[in-house]
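Residue numbers (my numbering): 5 to 255.
From the three backbone atoms N, C-alpha and C, an ideal C-beta is built for every residue, glycine too.
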Ligand SMILES: C[S@@+](CC[C@H](N)C(=O)[O-])C[C@H]1O[C@@H](n2cnc3c(N)ncnc32)[C@H](O)[C@@H]1O
């Protein structure tokens, strides 16, 4: 469990300065509206990388969804006790801007190192900046998560908002590899949103995790967002008074 102070407020202030020096609030808001429309249309276009095309959508992902993913994953990690006797290292599959694994690392203590992998060069650069700004020891590399070696004992493996973006073959192979990594002693955490229509693959993954002794949870956490996030939330007609999500967890 983390013994340090909360890095979120200072990091978010720096993140705001970084992105609002490049784009106006209205441009980020338009990017957020476009990105949120893609999220609603999940599965059809996100896997193609459309979510990270264009400066507005990128800024919205970095300034809006990245902090939300940090906060949700931190709450999930706390609820599961996943940071206790924390992993020494975390492999973050489809790390995006890196904040989900950074949250787990912060909860796991200062010795924990993150290795992020993402096919987007923009996301990798953003993840590197976020690790530094959050005080997390980490590196992010561009690559295909299907080819990333998975660690065993003493390590954590995270796939946050990533599994739904894979094609069926990659998803089937990743499930097998994650279950094998857990048998070698890794702790595996998968996080996804609670979708209006449940993802067809979730039941298969849930059954696989539960058969191996893991758990499947749905979460709802109250949240008090920083002012700028509340403004973006309202402007994009979203409603994040609570953070919700679902997770699979296997140790
Ligand atoms: C919705 S984002 C989530 C990012 C991050 N995990 C988070 O929680 O904010 C999904 C990420 O997965 C990446 N991705 C999708 N398929 C991938 C693959 N086969 N290999 C590496 N990265 C992939 C995308 O580039 C994108 O950054």
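- Within the same chain, Cβ atoms closer than 7 Å to the Cβ of residue 233 are found at 68, 71, the five residues on either side in sequence being excluded.
- Remark: three or more beta-carbon pairs, one from each stretch, lie closer than 8 Å, so the segment 180 to 196 and the segment 206 to 218 are flagged as touching.
- Annotation: the segment 112 to 188 contains the following complete segments of the beta strand (DSSP E) (minimum length 3 residues), in chain order: 117 to 122, 141 to 146, 159 to 164.
- With 5 Å as the limit between CB and the heavy atoms of ligand 1, the residues that fall short of it are 73, 98, 100, 104, 122, 123, 124, 127, 148, 149, 164, 165, 166, 169.
- The residue among 28, 33, 19 with its C-alpha nearest the C-alpha of residue 239 is 33.
- Close CB contacts of residue 159 within its chain, under the 6 Å cut and outside five residues either way in sequence, are with 91, 93, 190 (chain order).
- The three-state reading of DSSP puts residue 29 in helix, counting H, G and I together.
- Beta bridge pairing from DSSP links residue 237 with no other residue.
- Counting every other CB atom within 10 Å of its CB across the protein chains shown gives residue 198 a total below 16, marking it as exposed.
- Under the 8 Å Cβ criterion, the segment 118 to 132 does not count as touching the segment 78 to 91, having fewer than three qualifying pairs.
- Note on geometry: alpha-carbon atoms of residue 43 and residue 187 lie some 33 Å from one another.
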